[in-house]
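Asks: Line by line, the protein sequences are chains A and B. Quick note, in my numbering, the first sequence goes up one by one and the last residue is 321. Quick note, in my numbering, the second sequence goes up one by one and the last residue is 871. Yeah, the Cβ is synthetic: ideal placement off N, Cα and C, and Gly gets one too. None of the values given here were measured: they were computed from a predicted structure.
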Amino acid sequence: MAEMHVAKAPAQKRWKALRKRNRIIRDFKINKYIYIMAVPVLLYYLVIHYIPMYGAVIAFKDFSPVKGVSGSPWVGWKHFSNFYDSYYFWRLIRNTFLINVYQLLFAFPAPIIFALMLNEISRQWFKRTVQTVTYLPHFISIIVVCGMLVDFLARDGFITHVLVWFGLEQTALLSKAEYFRTIYIASDIWQHIGWGSIIYLAALSGINPELYEASKVDGAGRFKQVVHVTIPGIMPMIVILLILKIGNMMELGYEKIILLYNPNTYETADVLASFIYRRGLESGSEYSYTTAIGLFQSMINFMLLVMANYISRRLNDTSLW
Amino acid sequence: MFEKMKRDSRTTVFLWLAVLLLVLMAACSSSNNENSTESLTNENERSSGEGEPNATGSDDPGVPEINLTYWTNLNNNVASSLQSLSEVEMYKEMEKDTNVKLQFQHPPAGQANQQFNLIMSSRDFADVMEGNWNQYAGGPTKAIEDGVLVPLNDLIEQHAPNFKKVLEDYPQVMGQISTTNGEIYAFPSINVGRYRTFSGNFIRQDWLDELGLNMPETIADWEQVLQTFKEEKGVEAPFSTNLFFLQNIPSFIEAYGVTHDFFVEDGEVRFGPIESGMKQALETMNKWYVEGWLDKDFATNDRKAIDAKLLNDQAGAVPGYIGGSMGSYYVAKADDPTFNLVAAPFPVYEKGEQPRFVPFNFEVSINGQAGITTANEHPVETVRWFDYFYGEEGHMLKNFGVEGVTYEIVDGYPTYTDLIMNNSNGYDIAQSMARYFRANYPTPGMDDDRYLEQYYTLPQQQDAMSVFSEHSDYSRAYRLPPVNHTVEESSELAQIMSDVKTYREEMLLKFIYGDESLDQFDAYVEQINRMGIGRALEMMQTAYDRYTSN
Numbered sequence: 001m002a003e004m005h006v007a008k009a010p011a012q013k014r015w016k017a018l019r020k021r022n023r024i025i026r027d028f029k030i031n032k033y034i035y036i037m038a039v040p041v042l043l044y045y046l047v048i049h050y051i052p053m054y055g056a057v058i059a060f061k062d063f064s065p066v067k068g069v070s071g072s073p074w075v076g077w078k079h080f081s082n083f084y085d086s087y088y089f090w091r092l093i094r095n096t097f098l099i100n101v102y103q104l105l106f107a108f109p110a111p112i113i114f115a116l117m118l119n120e121i122s123r124q125w126f127k128r129t130v131q132t133v134t135y136l137p138h139f140i141s142i143i144v145v146c147g148m149l150v151d152f153l154a155r156d157g158f159i160t161h162v163l164v165w166f167g168l169e170q171t172a173l174l175s176k177a178e179y180f181r182t183i184y185i186a187s188d189i190w191q192h193i194g195w196g197s198i199i200y201l202a203a204l205s206g207i208n209p210e211l212y213e214a215s216k217v218d219g220a221g222r223f224k225q226v227v228h229v230t231i232p233g234i235m236p237m238i239v240i241l242l243i244l245k246i247g248n249m250m251e252l253g254y255e256k257i258i259l260l261y262n263p264n265t266y267e268t269a270d271v272l273a274s275f276i277y278r279r280g281l282e283s284g285s286e287y288s289y290t291t292a293i294g295l296f297q298s299m300i301n302f303m304l305l306v307m308a309n310y311i312s313r314r315l316n317d318t319s320l321w
Numbered sequence: 322m323f324e325k326m327k328r329d330s331r332t333t334v335f336l337w338l339a340v341l342l343l344v345l346m347a348a349c350s351s352s353n354n355e356n357s358t359e360s361l362t363n364e365n366e367r368s369s370g371e372g373e374p375n376a377t378g379s380d381d382p383g384v385p386e387i388n389l390t391y392w393t394n395l396n397n398n399v400a401s402s403l404q405s406l407s408e409v410e411m412y413k414e415m416e417k418d419t420n421v422k423l424q425f426q427h428p429p430a431g432q433a434n435q436q437f438n439l440i441m442s443s444r445d446f447a448d449v450m451e452g453n454w455n456q457y458a459g460g461p462t463k464a465i466e467d468g469v470l471v472p473l474n475d476l477i478e479q480h481a482p483n484f485k486k487v488l489e490d491y492p493q494v495m496g497q498i499s500t501t502n503g504e505i506y507a508f509p510s511i512n513v514g515r516y517r518t519f520s521g522n523f524i525r526q527d528w529l530d531e532l533g534l535n536m537p538e539t540i541a542d543w544e545q546v547l548q549t550f551k552e553e554k555g556v557e558a559p560f561s562t563n564l565f566f567l568q569n570i571p572s573f574i575e576a577y578g579v580t581h582d583f584f585v586e587d588g589e590v591r592f593g594p595i596e597s598g599m600k601q602a603l604e605t606m607n608k609w610y611v612e613g614w615l616d617k618d619f620a621t622n623d624r625k626a627i628d629a630k631l632l633n634d635q636a637g638a639v640p641g642y643i644g645g646s647m648g649s650y651y652v653a654k655a656d657d658p659t660f661n662l663v664a665a666p667f668p669v670y671e672k673g674e675q676p677r678f679v680p681f682n683f684e685v686s687i688n689g690q691a692g693i694t695t696a697n698e699h700p701v702e703t704v705r706w707f708d709y710f711y712g713e714e715g716h717m718l719k720n721f722g723v724e725g726v727t728y729e730i731v732d733g734y735p736t737y738t739d740l741i742m743n744n745s746n747g748y749d750i751a752q753s754m755a756r757y758f759r760a761n762y763p764t765p766g767m768d769d770d771r772y773l774e775q776y777y778t779l780p781q782q783q784d785a786m787s788v789f790s791e792h793s794d795y796s797r798a799y800r801l802p803p804v805n806h807t808v809e810e811s812s813e814l815a816q817i818m819s820d821v822k823t824y825r826e827e828m829l830l831k832f833i834y835g836d837e838s839l840d841q842f843d844a845y846v847e848q849i850n851r852m853g854i855g856r857a858l859e860m861m862q863t864a865y866d867r868y869t870s871n
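Pasting the structure below:
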């Protein structure tokens with residue numbers, strides 16, 4: 001009996017596998033065109049995101065374009081330890097981290113609060129007008145936004161003039177290191193608040209109206225309704241977006257940084273990405289060194305993402321995986 | 322059934338890959354289409370053209386044609402009216418007189434460095450590549466070591482009598498165009514004339530006259546002048562500048578005997594930002610900044626901002642170029658007859674001193690260096706072709722064009738015709754020169770003073786030329802010449818200096834702004850020492866000694 005069982009098991013497994021394979025084939029036959037349609041997407045990820053990863057090996061080599069990726073000599077962790085010993089290491093980490101934390105504290109909740117406020121507006125025409133007006137800045141190219149910022153924040157710029165009324169010293173605001181983060185975050189909120197609120201508005205409309213009625217019956221005012229019905233209703237959305245945000249934490253949009261900073265504001269403005277840009281492309285061609293920094297940044301990102309996901313799963317069962 | 326399916330899906334994948342490849346190839350080659358077909362035909366002609374080489378002065382129909390590809394950036398003045406250097410009269414003449422046919426390859430405007438690097442990494446060289454070979458990662462020494470450039474010493478010895486003579490007449494040229502191993506890597510643009518300084522500081526002479534002031538010479542004079550400008554004329558930025566000019570055109574910091582970078586004193590290489598002179602200079606700059614004599618926005622100014630301030634009477638003195646700045650200011654102010662901007666001598670600390678640092682062009686320009694690559698199958702003919710420009714006839718062709726067309730000899734002086742000076746098609750002098758010859762931007766060959774004397778048309782410009790050049794020779798001893806580093810040195814140096822330079826830039830600004838007290842100067846020097854400036858100085862000294870022993 002036992003013998004038979006042993007003999008039977010592999011055959012059964014094989015048969016199961018075969019059936020599974022057949023199912024895939026059948027599925028493929030039925031949905032042939034859908035599969036074909038997926039090919040470009042797969043190729044996109046393969047060609048644009050996976051194949052270039054091979055290039056990351058130059059972080060462990062002394063890369064020279066003439067010798068090529070495979071011909072350049074291995075140097076191990078040299079570039080990583082150089083970076084760690086660099087005078088700028090802690091400053092870069094600090095700046096990258098702080099801008100991100102501030103963004104998380106101020107720029108992340110802004111569209112949520114904005115969406116909640118919009119949600120309370122009952123006049124449809126007013127709501128729509130506000131929405132449209134706040135979407136618009138999102139579609140302005142970053143280079144134009146920065147051009148505007150540079151002009152408005154110059155010594156005789158429009159924003160500077162307004163701030164001077166409030167008692168600020170008249171000066172080129174972008175040449176002051178202490179204002180850089182504020183400018184960066186505030187302009188970010190201005191540009192993306194409307195666009196960012198769309199997804200929350202969508203989530204808001206998905207909340208069952210009966211819940212509001214029930215809470216009204218229980219004697220909840222408008223504020224209580226927001227706290228006990230609306231916010232819990234969009235919580236999963238907030239958490240998912242927060243995790244995604246944390247996953248991208250270290251990789252800031254460096255375009256905006258390099259368009260706004262100058263040596264005078266490096267103190268607060270220089271982040272990992274802008275440092276990589278300067279050392280790798282602008283002045284020196286330190287390809288290996290900057291690749292190492294880039295890789296380092298990606299590792300931190302990855303760790304943050306895993307951590308955020310884990311915490312969130314523990315706390316409220318919402319997670320990416 | 323399963324097999325077929327598998328094959329099918331594989332075919333689909335291959336199909337998609339093929340489509341993708343096609344798209345990619347189409348995208349890549351659309352810009353290079355012309356070049357690639359051209360180089361194909363070149364290849365054919367080249368193989369048939371391998372016979373008895375004879376590069377110069379041959380009208381013999383039996384001599385085979387030699388085709389060369391020539392990569393270089395297209396100068397703005399040429400690009401404003403022509404598509405390629407092959408349309409420039411000088412090259413048409415050359416083509417008539419020799420059996421060498423050039424096929425020019427020009428990168429799109431503003432992408433020269435990018436394309437240069439791309440060509441280097443793909444090793445798809447043109448036969449001749451002209452540009453700044455110091456920007457090759459690792460320098461010219463590495464370019465030869467990597468098998469990009471051909472060392473030219475033997476070829477010049479045998480086939481370039483004119484260039485050999487130049488090297489004998491001006492021995493200092495040799496050190497500027499050879500690698501650390503003494504190999505000549507390019508045919509350079511050489512200026513051995515009287516005028517080597519084309520930039521400096523300009524001041525409103527009409528304001529000086531109005532306020533009864535003398536032309537400032539010392540730091541104290543300048544303080545008085547800028548203060549008066551501020552108080553009497555009410556200008557916002559008496560002296561306007563920006564970071565680039567502050568580092569590249571000597572002004573006040575240099576009056577204290579230091580620069581922003583390496584310089585030489587008594588045969589010893591020094592780094593200006595850590596010298597004690599810098600501390601004194603920064604004290605003064607800080608004072609000027611606080612008083613508002615120095616443009617408060619200099620850290621964020623671009624060149625347009627400076628131009629605007631000067632042209633709107635908000636600045637009384639600015640740094641700039643004789644041609645590019647001064648010339649354009651007079652054009653913009655054409656309707657203001659009182660506007661009189663003149664060159665100010667380079668400031669010194671005490672009266673009677675000579676300025677140590679004058680923006681001085683060494684014999685060899687860093688741009689316009691034509692290297693012969695390993696892809697070139699006709700190095701001998703190419704060397705002969707270039708050598709022509711270092712001889713009398715080629716020199717005239719390069720600097721003045723064709724006699725009777727672009728210039729006439731008047732009393733033994735080659736004088737540009739109206740075709741150049743007053744072009745009826747509306748081209749300005751720089752543009753019309755560029756249409757016919759290559760005098761006004763770095764080009765393999767020798768520059769000619771007589772071109773400059775006619776190029777700067779305003780009396781103020783000619784005056785500026787002599788004011789700025791007055792101390793060029795004195796300052797030569799203090800300038801670090803264009804030294805070359807070995808491959809190892811150059812990568813170590815790059816690593817140290819990119820840290821140091823960022824730090825220097827930030828700290829100098831903080832000291833000038835007063836964000837950091839000058840009591841911290843020693844700590845700042847200490848930090849630069851920790852970054853390895855000692856080692857960098859050592860390497861610079863080695864390179865300098867190598868240069869001087871040449």
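Compute the Euclidean distance between the alpha carbons of Val-409 (chain B) and Ala-400 (chain B), then round it to the nearest angstrom.
Replies: As a working mapping, residue 409 (chain B) is identified with position 88 in the second sequence. As a working mapping, residue 400 (chain B) is identified with position 79 in the second sequence. C-alpha separation (whole angstroms): 11 Å.
Asks: Looking only at its own chain, which residues have a Cβ that is under 7 Å from the Cβ of Gly-593 (chain B), when we skip the five neighbours before and after it?
Replies: Position 272 of the second sequence, counted from the start, is the residue given in the question as residue 593 (chain B). Around Gly-593 (chain B): Val-579, Thr-580, His-581, Asp-582, Phe-584 and Met-599.
Asks: What residue does the alpha helix (DSSP H) around Tyr-391 (chain B) start on, and which one ends it?
Replies: On the second sequence, residue 391 (chain B) is found 70 positions in, with the first residue counted as 1. Here Tyr-391 (chain B) belongs to no alpha helix (DSSP H); instead the beta strand (DSSP E) covers 387-392.
Asks: Check the Cβ of Lys-617 (chain B) against every Cβ in chain A and list those closer than 9 Å, keeping chain order.
Replies: By one-based count along the second sequence, residue 617 (chain B) stands at place 296. What Lys-617 (chain B) touches in chain A: Arg-155, Thr-171, Ala-172 and Ser-175.
Asks: So Ser-572 (chain B) and Asn-522 (chain B) are in contact, right, with Cβ under 8 Å, and what is the actual spacing, rounded?
Replies: Locating residue 572 (chain B) in the second sequence gives position 251, where the first residue counts as 1. Locating residue 522 (chain B) in the second sequence gives position 201, where the first residue counts as 1. Rounded, the Cβ-Cβ distance is 6 Å, consistent with contact.
Asks: Counting only C-beta atoms, is Ser-819 (chain B) closer than 7 Å to chain A at any point?
Replies: In the second sequence, residue 819 (chain B) corresponds to position 498, counting from 1. Chain A, which has a Cβ nearer than 7 Å to the Cβ of Ser-819 (chain B), makes this yes.
Asks: In terms of DSSP beta bridges, what is Ile-524 (chain B) paired with?
Replies: Walking along the second sequence from the start, residue 524 (chain B) turns up at place 203. According to DSSP, which records beta bridges pairwise, Ile-524 (chain B) is partnered with B:Ala-638 and B:Val-663.
Asks: 7 Å is my cut-off, CB to CB: does Arg-94 (chain A) come that close to chain B?
Replies: Position 94 of the first sequence, counted from the start, is the residue given in the question as residue 94 (chain A). No, no contact with chain B.
Asks: Quick one: is Gly-692 (chain B) buried, meaning 16 or more other Cβ sit within 10 Å of its Cβ, or exposed?
Replies: Here the question's residue 692 (chain B) lines up with position 371 in the second sequence. The residue in question, Gly-692 (chain B), is buried, as its Cβ has 16 or more Cβ neighbours within 10 Å.
Asks: What's the C-alpha gap between Met-495 (chain B) and Val-513 (chain B)?
Replies: Here residue 495 (chain B) is taken as the residue at index 174 of the second sequence, counted from 1. Here residue 513 (chain B) is taken as the residue at index 192 of the second sequence, counted from 1. Roughly 13 Å between the two C-alpha positions.
Asks: How about Pro-676 (chain B) and Val-669 (chain B): do their beta carbons lie closer than 7 Å?
Replies: Counting from 1 along the second sequence, the entry for residue 676 (chain B) is found at position 355. Counting from 1 along the second sequence, the entry for residue 669 (chain B) is found at position 348. It is a contact, given that the beta carbons lie within the stated cut-off.
Asks: Where does Arg-756 (chain B) land, buried or exposed, given buried means 16+ other C-beta within 10 angstroms?
Replies: Against the second sequence, residue 756 (chain B) aligns to sequence position 435. The residue in question, Arg-756 (chain B), is buried, as its Cβ has 16 or more Cβ neighbours within 10 Å.
Asks: Can you find the residues in the same chain that come closer than 7 Å, C-beta to C-beta, to Val-846 (chain B), ignoring five residues on each side of it along the sequence?
Replies: Along the second sequence, one-based indexing puts residue 846 (chain B) at 525. Excluding positions up to five away in sequence, the list reads Ile-595.
Asks: Would Val-164 (chain A) and Gln-170 (chain A) qualify as a contact pair, given that the criterion is a beta-carbon distance under 7 Å?
Replies: If you number the first sequence from 1, residue 164 (chain A) lands on position 164. If you number the first sequence from 1, residue 170 (chain A) lands on position 170. For Val-164 (chain A) and Gln-170 (chain A), yes; Cβs fall inside 7 Å.
Asks: Tell me, please, whether the CB atom of Asn-262 (chain A) is closer than 7 Å to any CB atom in chain B?
Replies: Counting from 1 along the first sequence, the entry for residue 262 (chain A) is found at position 262. Chain B contact via Cβ: present.
Asks: By the DSSP assignment, the beta strand (DSSP E) with Pro-735 (chain B) in it spans what residues?
Replies: Against the second sequence, residue 735 (chain B) aligns to sequence position 414. Looking at the DSSP string, the run of the beta strand (DSSP E) that includes Pro-735 (chain B) is 734-737.
Asks: What residues match up with Ile-730 (chain B) in a beta bridge as DSSP calls it?
Replies: Reading the second sequence from its first residue, position 409 is the one you call residue 730 (chain B). In DSSP, Ile-730 (chain B) forms a bridge with B:Pro-735.
Asks: Look up Ser-274 (chain A) in the DSSP assignment and say whether it is helix, strand or coil.
Replies: Within the first sequence, residue 274 (chain A) is the residue found at index 274, counting from 1. Helix, per DSSP.
Asks: Given 8 Å as the limit, is there contact between the segment 386-396 of chain B and the segment 443-460 of chain B, that is, 3 or more CB pairs closer than that?
Replies: The segment 386-396 of chain B vs the segment 443-460 of chain B: in contact.
Asks: Any beta-carbon of chain A closer than 7 Å to the one on Ala-347 (chain B)?
Replies: In the second sequence, residue 347 (chain B) corresponds to position 26, counting from 1. Since pLDDT at Ala-347 (chain B) reaches only 49, below the 50 mark, its modelled position is unreliable, and the value read off the structure follows with that caveat. For Ala-347 (chain B), the answer is no, since every Cβ of chain A falls outside 7 Å of its Cβ.
Asks: For Gly-766 (chain B), does the three-state DSSP call read helix, strand or coil?
Replies: The residue labelled residue 766 (chain B) in the question sits at position 445 within the second sequence. Note: Gly-766 (chain B) maps to strand in three-state DSSP.
Asks: Among all the DSSP beta bridges, which residues are the ones paired with Met-450 (chain B)?
Replies: What you label residue 450 (chain B) is simply residue 129 of the second sequence in a count that begins at 1. Per DSSP, B:Trp-392 and B:Gly-692.
Asks: Nearest-angstrom Cα distance between Ala-842 (chain B) and Ala-273 (chain A)?
Replies: In the second sequence, the residue the question calls residue 842 (chain B) occupies position 521. In the first sequence, the residue the question calls residue 273 (chain A) occupies position 273. The sequence given here places Phe at residue 842 (chain B); Ala does not occur at that position. Their Cα atoms are separated by approximately 30 Å.
Asks: Taking 7 Å as the threshold (C-beta atoms), are Ala-815 (chain B) and Ser-175 (chain A) in contact?
Replies: Translated into the one-based positions of the first sequence, residue 175 (chain A) becomes position 175. Translated into the one-based positions of the second sequence, residue 815 (chain B) becomes position 494. It is not a contact, given that the beta carbons lie outside the stated cut-off.
Asks: Output the distance between the C-alpha atoms of Pro-111 (chain A) and Leu-98 (chain A), rounded to the nearest integer angstrom.
Replies: As a working mapping, residue 111 (chain A) is identified with position 111 in the first sequence. As a working mapping, residue 98 (chain A) is identified with position 98 in the first sequence. Whole-angstrom Cα-Cα distance: 20 Å.
Asks: Return the bridge partner residues of Asp-505 (chain B) from the DSSP annotation.
Replies: As a first step, residue 505 (chain B) must be located in the second sequence, where it is residue number 184. The identity of residue 505 (chain B) in the sequence shown is Ile, whereas the question assumes Asp. B:Ser-499.
Asks: Measuring alpha carbon to alpha carbon, tell me which of B:Val-639, B:Ile-687, B:Gly-648 and B:Lys-672 ends up nearest Ala-665 (chain B).
Replies: Numbered from 1 along the second sequence, position 344 holds the residue referred to as residue 665 (chain B). Of the listed residues, the one whose Cα sits closest to Ala-665 (chain B) is B:Val-639.
Asks: Exposed or buried, Ile-312 (chain B), counting other C-beta atoms within 10 Å across all chains shown (16 or more means buried)?
Replies: The requested residue 312 (chain B) does not occur in the structure, where chain B is confined to residues 322 to 871.
Asks: By Cβ distance below 8 Å, which residues in the same chain neighbour Met-4 (chain A) in space, the five residues on each side in sequence not counted?
Replies: Your numbering for residue 4 (chain A) matches position 4 in the first sequence. Bear in mind that a pLDDT of 49 at Met-4 (chain A), under 50, signals an unreliable position, so the model cannot answer this.
Asks: Anything in chain B within Cβ reach of Arg-222 (chain A), meaning under 9 Å, just list it in chain order.
Replies: Working through the first sequence from its first residue, we reach residue 222 (chain A) at position 222. Within chain B, no residue comes near Arg-222 (chain A); the closest Cβ sits about 47 Å away, beyond 9 Å.
Asks: Using a Cβ distance threshold of 8 Å, determine whether the segment 407-427 of chain B contacts the segment 769-777 of chain B, with at least three qualifying pairs required.
Replies: The answer is no - the segment 769-777 of chain B does not touch the segment 407-427 of chain B, with fewer than three Cβ pairs under 8 Å.
Asks: Measure from the C-beta of Glu-553 (chain B) to each C-beta in chain A and report whether the shortest distance is under 7 Å.
Replies: Counting from one through the second sequence, the residue named residue 553 (chain B) turns up at place 232. By this cut-off, Glu-553 (chain B) is not an interface position.
Asks: Identify whether Phe-302 (chain A) lies in helix, strand or coil by the three-state DSSP scheme.
Replies: Translated into the one-based positions of the first sequence, residue 302 (chain A) becomes position 302. Helix.
Asks: Are the segment 601-611 of chain B and the segment 823-837 of chain B touching by the rule of at least three beta carbon pairs closer than 8 Å?
Replies: Taking 8 Å as the limit for Cβ pairs, the verdict is that the segment 823-837 of chain B does touch the segment 601-611 of chain B.
Asks: Unbroken alpha helix (DSSP H) runs of length 4 or more, entirely within the segment 503-584 of chain B: which are they?
Replies: You should have 526-531, 540-549 and 564-569.
Asks: What does Arg-279 (chain A) reach in chain B if we use C-beta pairs closer than 7 Å?
Replies: Against the first sequence, residue 279 (chain A) aligns to sequence position 279. Those are Ser-819, listed as they occur along chain B.
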